[in-house]
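Here our numbering = 1-based position in the sequence shown + 29. Accompanying notes for the structure given below.
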Amino acid sequence: MPELPEVETVVRDLRALVIGRTIVSARVHWQRTIATPRARAFARQIRQHKIRAITRRGKYLIFHLRCRGDRPVAPTKYLLAHLRMTGGFDLVARDAPRDQHIHVCLQLDNGDELRFRDPRKFGRMWLVDDPAQVVGKLGPEPLEISAREFHTRIAKRRGNLKPLLLDQKFLAGIGNIYADEALWYARLHPLRQAESLTRVERGRLYRAIRQVLTRAIAVGGTSIDVMYRRVNGMSGGFTESLRAFDQEERPCRRCGTPIRKTIVGQRGTHFCPVCQIV
Ligand SMILES: [Zn+2]
30 MPELPEVETV
40 VRDLRALVIG
50 RTIVSARVHW
60 QRTIATPRAR
70 AFARQIRQHK
80 IRAITRRGKY
90 LIFHLRCRGD
100 RPVAPTKYLL
110 AHLRMTGGFD
120 LVARDAPRDQ
130 HIHVCLQLDN
140 GDELRFRDPR
150 KFGRMWLVDD
160 PAQVVGKLGP
170 EPLEISAREF
180 HTRIAKRRGN
190 LKPLLLDQKF
200 LAGIGNIYAD
210 EALWYARLHP
220 LRQAESLTRV
230 ERGRLYRAIR
240 QVLTRAIAVG
250 GTSIDVMYRR
260 VNGMSGGFTE
270 SLRAFDQEER
280 PCRRCGTPIR
290 KTIVGQRGTH
300 FCPVCQIV
């Protein structure tokens, strides 16, 4: 499933392809993909909007749009997208063949079409005047938060580290892959209680989170299975660098003990039973 590094990669791929283009029309083939407004209103409202910027917040993509029409009521709009399990974008010629997994098509002024493809159909889009309507309650970005702020936030929390890292109100953008990887690098057990961390361990976790996310972004994220594709079908290169996630029974790269898989908070969780401290 796409997490912060994968969404950041898709944002960067898209920036290179569609910034400056104008959306001239839109078609929605699966209405539930559009969370707000209703699909028909979405297709009407997004017309004649220029894509000025694309940013990321947590696991959300944010397209910054400006209306090209005469004296619009709301000149700026935002298209937010969440890829969930299998969502992804393709940029193709408008007459390229379309399969049954393409749910939203945005026709651009140069004859290209930006398509949202999502076999499992959990992905969602929002067209809003203010991104805070969708992402307003997210916690801080893990690559932007200061060490001091991280210490303050985690000092207030109770309970196991794994579910805490997955909590988007604690930090935005971390999912199952990078939670397991960050805990392995920090040498902390997924069931470790947040309130039991020493100051040194909190610092280790802060640095591990940033290190693993930064490295994953540098190589385009992790493509474990068909769940995550970069724009136009490329794969991410971080899969070779995984140390815990999806490494069950393989020797720990620090101590040689087989990596173990268990369930924590209903999520598959990978860790080294020896060098990650409970
Ligand atoms: Zn180990």
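Think of the CB as a built atom: it goes at the ideal place given N, C-alpha and C, for glycine as much as any other residue.
By the Cβ neighbour-count rule, Asn139 is exposed, with fewer than 16 other Cβ atoms within 10 Å of its own. In the three-state DSSP reduction, Trp59 falls in the coil class, being neither helix nor strand.
Sequence-distant Cβ neighbours of Leu112 in its own chain, meaning closer than 6 Å and more than five residues away, are Pro31 and Gly152. Of Gly87, Asp141 and Leu220, the smallest CA-CA separation from Lys166 is found for Gly87.
Between Arg231 and His299, the C-beta gap is not smaller than 8 Å, which leaves the two residues out of contact. Approximately 7 Å separates the beta-carbon atoms of Leu94 and Arg81; this is inside 8 Å, confirming the contact. DSSP, read as helix, strand or coil, puts Ile48 in coil.
Taking all protein chains shown into account, Glu269 has fewer than 16 neighbouring C-beta atoms within 10 Å of its C-beta and is therefore exposed.
Rounded to whole angstroms, the gap between the alpha carbons of Pro160 and Gly285 is 46 Å.
Proximity of the beta carbon of Arg289 to ligand 1 is not indicated: no heavy atom of the ligand is located closer than 7 Å. In the three-state reduction of the DSSP assignment, Pro280 falls in the strand class.
Taken from the Cβ of Val303, at least one heavy atom of ligand 1 lies inside 7 Å. If you draw a 10 Å sphere on the C-beta of Lys106, you find 16 or more other C-beta atoms in it, and that means buried. Under the three-state reduction of DSSP output, Glu142 falls in the strand class. Within its own chain, the residues whose Cβ lies closer than 7 Å to the Cβ of Leu120, once the five positions on either side in sequence are excluded, are Leu46, Val47, Asp141, Leu143, Val260 and Asn261, listed in chain order. Between the alpha carbons of Pro192 and Gly117 lies a gap of roughly 26 Å.
Only residues of its own chain outside the window of five on either side were considered, and among them Leu109 and Trp155 have a CB closer than 6 Å to the CB of Val163, listed in chain order. Taking 7 Å as the cut-off, one finds at least one heavy atom of ligand 1 near enough to the beta carbon of Cys281.
Between Ile83 and Arg146, the gap from beta carbon to beta carbon reaches 8 Å or more. A contact is defined here as three or more CB-CB pairs under 8 Å, and the segment 217-227 fails this definition with respect to the segment 240-249.
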